[in-house]
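Structure first, commentary second.
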Amino acid sequence: MTTLHGIWLPDAFFLFCLRGGEIVPVSNWMEQLSTEQQMKLMKSGKVGIRTFQVPYWFDQGEYYPSNKPKLMVQQINGLSIAMKEALPLLWQTDEAMLQHSGFLLGDSLHYYQKVAQFALQMLWHANIRPGVKVRKGKRYGYAEADAIWDVDLTKEEVRTFSHTLALAMPAICRAYDPQKTGGSDIMTDPHTIQADFLQNAIQTTIHDWLDMESEELRQQLSKGKGDFSLQWLRGLLTRITEPIEGTTKELQSFKQQVDLWTKGEGRNKRDCVGQYAMRLYLRLEPPQQIELEAEESIFTLHVYLQPVTEPSRLISAKDIWLGSGEATAFFGKDLGRAQEFLLEQLGCASIQMPALEETLRQALVEQIQLPVQEAFHFLQEIAPRLQAEGVGVQLPSWWVKRGRKRLGLKLRVMQDHSLYAADSSAVIHRLGLHEIVRFDAKAALGDQEISLAELEKIADSKLPFIQLRGEWTEVNQESVKRMLQYLKQAEQDEITLHDMLYLMAELEASDEWQDLPVVDFELPTALDDLLHGRLEQNLDHIDTPKGLQGVLRPYQKRGYAWLQLMSKLGFGVCLADDMGLGKTIQMITVLMAEKLSAPAIIVCPTSLMNNWSKEIERFAPTLRVYTHHGPERLHQNELQAKVAEHDVVITSYSLVNRDLADLMEIKWSYLVLDEAQNIKNSKSKQARSAMKIHAQHRIAMTGTPIENRLSELWSIFQFLNPGYLGTLTQFRTQFTLPIERYREQERMESLRKLVKPFILRRLKTDPTIIVDLPEKIESKTYCTLSEEQASLYQAAVNHMMQKINSVEGMQRRGYVLATLTHLKQICDHPALYLHQSADHLERRSGKVRRVTELVHDIMEQQEAVLLFTQYVDMGSMLAKHFREVLQEEVLFLHGGISKQERDDMIDRFQSGMGPRIFILSLKAGGVGLNLTRANHVIHFDRWWNPAVENQATDRAYRIGQKKNVHVHRLICQGTLEERIDQLMESKRELAEQVIHSGEQWITELSANELHSLFELREDLICQEEDDLL
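Quick note: the sequence shown uses the UniProt record's numbering, first residue 1, plus one each step.
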């Protein structure tokens, strides 16, 4: 299939096609269109090649960000069409017909279809305003201005919808055309792009409509040049493109006058009564009557005026017409104007509401009577339109989504399972996701059961909603018929736990449940706790096993009991406690408590293998441990014999892939993945290998189940409970795109409900946890560049900009990524970038000077510090520098250190008698280490991934820490480091939105956000130049 894309550029709407990821020439894809379609597009379209900076895309425009966003220059052969031709294409395109012709609509065209519809709605509801756009003139001191039509964003609901729509813009729509803009960047903020498209769409449509209606007016306006006002009016009502010319001061003043006028200042106060801004207010009141007798029901729509500044005050139409009651007291001498205003507002509302129009012809309206069908139409169609136009509408609480009760089936699960056994050794009935449970079904309104006779009466009424149990509720008559048929056949049935979880998350389950609405479940207590993720809260009675050499904290005890119980029930689970909360000891306790019928295997990063071995030796010395590692490791029969002699085998992710055949031959009791984010890419070799190992129980351990994308969560769950979240393609369609791209809160909540039973996530900030931890204080320390750094920085940027304009594809991507590295190295120290050896580091780097001061203060307070850097060479220079300047012994841990040296360093530092400065390379020391002696953590340079920095910080901020932990992040102002920091802040909340509560949505780095990282703000350079040089 060929995917049709469309992007709004500053001068045109650009259409192009992709097939299999490759650009399709216009002549090829035009042949697939009908003759009529070809004629429409070619009539005014212009075939040509445009140059874009774009991320990787696939056939339907799906964008896959990575930790380091990558751009490439792409020459695209396409068709440019004017807005006048683009709008009918967007409004009228029949997707089914296009598919018949061999086309799919790309997400870019889908997006602009929505924006074009939004423009049409704004025109229909008159949410538009005239304006002036001023730009620089051709002569000094002069300017040019254009008359424009634009969206009126005064109303909150319009602003909210516009903002939400802009945030949903696909990344492909934010590409730009360097050739068209003379090689300079243009705004790529989605709000700016959307606003430009809307303004052009509205202006084009208004001119089209005026062309059909106002030939005489156009002729009158074309006479003479006139003043600014006449020129502006001519630009609004005709297609005359000549700009308004004048001095900059004159045109800016004129623009201010127009802006004041369009905001309501200087016009007659048509929305006011006296000094009060007013609006029409309608309140729908349902009838009070016998249940299920709705055929003769009459709803009453009460009419009021509401002061905008006093929304709690409602003045009835009756009082206004009669000049009595509150109307006289409130309006006084302006009562006559209030009556006129009310009549005007009712007349405007009658355009949307035929019933009101009929009533207005007969009498002064105090209230309107609506039969059931008309009331239903008012609720569904008319009320939203009136609200969009600024009319206040109060609807019954049962219609508002939060309070609406649905009519459907209530399933009552009959059997119970003894999940809350007295101790951990009790026999637990295995469930699993495919366990079948029996239930009986009843009809229900929300959580209230209704009889079969009542359901039959609802079906006989054939009404869109009825009154039942004292409440009005919407009725889907087709669903009611299917429910009746189902309940008459059998009131008892079976369902899998998998389907039950999906129905509870309000998602589609298996085919047999697709046509039956399920609105409530009645579950045994233990099963209810399990499926709602509350099981861990009721496991305080479980004792820790005898022989455990240690005391678990209360939350660790509950975590161990949860891991053990969920495993016995047949579920794969994820222990996702925050870093430093003791996941390792909880897992060791599980292994200690089990009478293992087969050995357990623990897979972890190589750097943590020794840590696991030591922790097991410390807390569970009776467990026999074998470490499968090194060039002399065993294989085949020898490995099987060795494993049989041990209880726990420890190995690394890389060896799981290399020795997969050997490991698959062994029957394992537990397969535990520590730092399970290592399988976040489901297509990686180590992820595929881990999923192939057979084990009775599977457990994932990670403090960051999601680092950047929701697909990482899918990969972990595919390991734990294969197939539970569907295939990766299904997951993308059902969750990734709605959540990451369109920020659908309901879909986010559904995903949270699905994963909650199988993830145990406790944070250091939780009230039950924080009592065991000291406070963490995070701060940003800003530095300025030295003159040498600034010069090198600007030269690197200039060099890259020259290069990327002359290369493309992978070569250009290489230049961009290399420049990122170079600029970060320059921010650290010129010697790092120039590969020089350096003495007196402070003189050449503002950052080194600042960190020296910081570490000096820490040493004076007799405290210890961890300093993380990405670059081994920088770490070496800093270690040498601190030894010389501070006369302190310094430890430096990096990837070239042997395992024995590494362990010795950690022991010396933790002993309390060794060196107080510990420098670590981020990759070698960022995970798995316990370095609680330090109560200061310095991030010398910034990493792309917030989760990686948090992991490094948690080497000190974890159980065992007795002091407040101070986290210092060094940032060079005006450089990419400052922008990286801003981007990281926006990215930090993604995991919390699925695993934990949170309002902000995961964001992605666009093409031009990456490009903007390179710009140097010269106003922040060399502020400390005299001191640095």
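Note that the Cβ used here is the ideal one computed from N, Cα and C, for glycine as well.
(request) Please work out which residues of its chain come closer than 8 Å, Cβ to Cβ, to Thr300, disregarding the five sequence neighbours upstream and downstream, and give them in chain order. (result) Sequence index remark: in the sequence shown, residue 300 carries index 300 (1-based). Excluding residues within five positions, the ones whose Cβ falls inside 8 Å are Leu284, Glu285, Pro287, Gln367, Ile368, Gln369, Leu370.
(request) Using three-state DSSP, classify Leu409 as helix, strand or coil. (result) Taking the first residue of the sequence shown as 1, we reach residue 409 at position 409. Looking at Leu409 - three-state DSSP - the assignment turns out to be strand.
(request) Taking Leu663 and Ile693 to be in contact with their CB atoms under 8 Å, please state how far apart those CB atoms are, rounded to whole angstroms. (result) On the sequence shown, position 663 is the one that residue 663 refers to. On the sequence shown, position 693 is the one that residue 693 refers to. Indeed, because the Cβ distance is near 5 Å, the residues count as touching under 8 Å.
(message) Quick test of your reading: Val649 and His629, contact by CB under 8 Å. State the CB separation rounded to the nearest angstrom.
(response) If you number the sequence shown from 1, residue 649 lands on position 649. If you number the sequence shown from 1, residue 629 lands on position 629. That belief does not hold up - the Cβ atoms of Val649 and His629 are roughly 10 Å apart, past 8 Å.
(request) Kindly indicate which three-state DSSP category Gln60 falls into: helix, strand or coil? (result) Translated into positions along the sequence shown, residue 60 becomes position 60. Interpretation of Gln60 is limited by its pLDDT of 36, a score under 50 that renders its predicted location unreliable; no figure is taken from the coordinates.
(request) Give the straight-line distance between the Cα atoms of residue 1039 and Gln677, rounded to the nearest whole angstrom. (result) The question about residue 1039 has no answer here: the residues shown for the chain are numbered 1 through 1029.
(request) Identify which residue in Val816, Glu949, Tyr555 has its Cα closest to the Cα of Arg761. (result) By one-based count along the sequence shown, residue 761 stands at place 761. For Arg761, the nearest C-alpha among the options comes from Tyr555.
(request) Using three-state DSSP, classify Ser876 as helix, strand or coil. (result) Start at 1 with the first residue of the sequence shown, and residue 876 comes out as number 876. Helix.
(request) Give the range of the beta strand (DSSP E) segment to which residue 1030 is assigned. (result) The requested residue 1030 does not occur in the structure, where the chain is confined to residues 1 to 1029.
(message) Could you check whether the segment 727-734 touches the segment 693-705, counting it as contact only if at least three pairs of C-beta atoms, one from each stretch, sit closer than 8 Å?
(response) no
(request) Report all residues from its chain with a CB closer than 7 Å to the CB of Arg337; omit the five preceding and five following residues, and keep chain order. (result) On the sequence shown, residue 337 is found 337 positions in, with the first residue counted as 1. So the list reads Val273, Gly274, once near-sequence residues are dropped.
(message) Could you give the first and the last residue of the continuous alpha helix (DSSP H) run that contains Met701?
(response) As a first step, residue 701 is located in the sequence shown; it is residue number 701 there, counting from the start. Per DSSP, Met701 belongs to no alpha helix (DSSP H); it is in the beta strand (DSSP E), 695-701.
(message) For Phe619 and Lys557, I'd like the C-alpha separation in whole angstroms.
(response) As a position in the sequence shown, residue 619 is number 619, starting the count at 1. As a position in the sequence shown, residue 557 is number 557, starting the count at 1. Cα to Cα, Phe619 sits roughly 14 Å from Lys557.
(request) From the DSSP output, read off the bridge partner residues of Asp493. (result) The count along the sequence shown starts at 1 and reaches residue 493 at position 493. Bridge partners of Asp493: Phe439.
(message) For Val890, list the residues DSSP reports as bridge partners.
(response) Against the sequence shown, residue 890 aligns to sequence position 890. According to DSSP, which records beta bridges pairwise, Val890 is partnered with Ile917.
(request) Reducing DSSP to helix, strand and coil, say where Pro517 ends up. (result) Counted from its first residue, the sequence shown places residue 517 at position 517. Here Pro517 sits in coil by DSSP.
(request) Report yes if the C-beta distance between Leu886 and Phe918 is below 8 Å; otherwise report no. (result) For the purposes of this step, residue 886 is taken as the residue at position 886 of the sequence shown. For the purposes of this step, residue 918 is taken as the residue at position 918 of the sequence shown. Contact flag unset, no.
(request) Keeping to the same chain, check which residues put their C-beta closer than 7 Å to that of Val47; ignore five residues upstream and five downstream. (result) Here residue 47 corresponds to residue number 47 of the sequence shown, with the count starting at 1. Excluding sequence neighbours, Val47 sits near Val26, Leu79.
(request) Kindly indicate which residue of Ser101, Phe940, Asp540, Arg412 has the alpha-carbon position closest to the one of Tyr871. (result) The sequence position of residue 871 within the sequence shown is 871, counting from 1. Nearest of Ser101, Phe940, Asp540, Arg412 to Tyr871, Cα basis: Phe940.
(request) Can you say whether Thr589 is buried or exposed, counting buried as having 16 or more other CB atoms within 10 angstroms of its CB? (result) Taking the sequence shown and counting its residues from 1, the one referred to as residue 589 is at position 589. The residue in question, Thr589, is buried, as its Cβ has 16 or more Cβ neighbours within 10 Å.
(request) Check whether the Cβ atoms of Ala116 and Phe13 lie closer than 8 Å to each other. (result) Translated into positions along the sequence shown, residue 116 becomes position 116. Translated into positions along the sequence shown, residue 13 becomes position 13. No, these two residues do not count as a Cβ contact at 8 Å.
(message) Using only the alpha-carbon positions, how far apart do Thr3 and Leu18 sit?
(response) Position 3 of the sequence shown holds residue 3. Position 18 of the sequence shown holds residue 18. If you take the alpha carbons of Thr3 and Leu18, they lie about 5 Å apart.
(request) Measuring only between beta-carbons, confirm whether Glu474 sits less than 8 Å from chain C. (result) The structure shown contains no chain C; it holds only a single protein chain.
(message) Excluding the 5 residues flanking Asp440 on each side, which residues of the same chain have their C-beta closer than 7 Å to its C-beta?
(response) Taking the sequence shown and counting its residues from 1, the one referred to as residue 440 is at position 440. The residues are Arg412, Met414, Glu491, Gln492.
(request) Would you tell me roughly how many angstroms separate the C-alpha atoms of Glu1024 and Ser786, rounded to the nearest one? (result) Counting from 1 along the sequence shown, the entry for residue 1024 is found at position 1024. Counting from 1 along the sequence shown, the entry for residue 786 is found at position 786. With a pLDDT of 37 at Glu1024, under the threshold of 50, the predicted position of this residue should be treated as unreliable, and no value is reported.
(message) Can you tell me where the alpha helix (DSSP H) holding Ser652 begins and where it ends?
(response) One-based indexing of the sequence shown puts residue 652 at position 652. Here Ser652 belongs to no alpha helix (DSSP H); instead the beta strand (DSSP E) covers 648-652.
(request) Measure the alpha-carbon distance for Ile495 versus Ile436 and round it to whole angstroms. (result) Within the sequence shown, the letter at position 495 stands for residue 495. Within the sequence shown, the letter at position 436 stands for residue 436. Looking at the two C-alpha atoms, the distance is approximately 5 Å.
(message) Would Arg313 and Val391 qualify as a contact pair, given that the criterion is a beta-carbon distance under 8 Å?
(response) In the sequence shown, residue 313 corresponds to position 313, counting from 1. In the sequence shown, residue 391 corresponds to position 391, counting from 1. Cβ distance not < 8 Å, so Arg313 and Val391 don't count as in contact.
(request) Kindly list the residues whose CB is nearer than 8 Å to the CB of Ser316, restricted to its own chain and excluding five residues on each side of it in sequence; keep chain order. (result) Working through the sequence shown from its first residue, we reach residue 316 at position 316. If we look at Ser316 and ignore the five residues flanking it on each side, its Cβ neighbours are His302, Val303, Tyr304, Gly325, Glu326, Ala327, Glu366.
(message) In the DSSP assignment, the beta strand (DSSP E) including Pro371 goes from what residue to what residue?
(response) Taking the first residue of the sequence shown as 1, we reach residue 371 at position 371. Segment 367-371, the beta strand (DSSP E) holding Pro371.
(request) Output the boundary residues of the beta strand (DSSP E) element that contains Asp674. (result) The count along the sequence shown starts at 1 and reaches residue 674 at position 674. Where Asp674 is concerned, the enclosing beta strand (DSSP E) stretches over 668-674.
(request) Sort out for me which residues DSSP pairs Thr248 with in a bridge. (result) Here residue 248 refers to the residue found at position 248 when the sequence shown is read from its first residue. The partner list for Thr248 (beta bridge, DSSP) is empty, contrary to what the question assumes.
(request) Measure the C-alpha to C-alpha separation of Lys546 and Cys604 and round it to an integer number of angstroms. (result) The residue given as residue 546 occupies position 546 in the sequence shown. The residue given as residue 604 occupies position 604 in the sequence shown. When rounded, the distance between both Cα atoms is 27 Å.
(message) Spatial neighbours of Arg385 within its chain, please: C-beta separation below 7 Å, excluding the five flanking residues on both sides.
(response) Your numbering for residue 385 matches position 385 in the sequence shown. Counting only Cβ-Cβ distances below 7 Å, and skipping sequence neighbours, we find Gln352.
(message) Need the endpoints of the beta strand (DSSP E) that Met592 sits in, please.
(response) Position 592 of the sequence shown, counted from the start, is the residue given in the question as residue 592. That residue, Met592, is in no beta strand (DSSP E); its alpha helix (DSSP H) goes 583-593.
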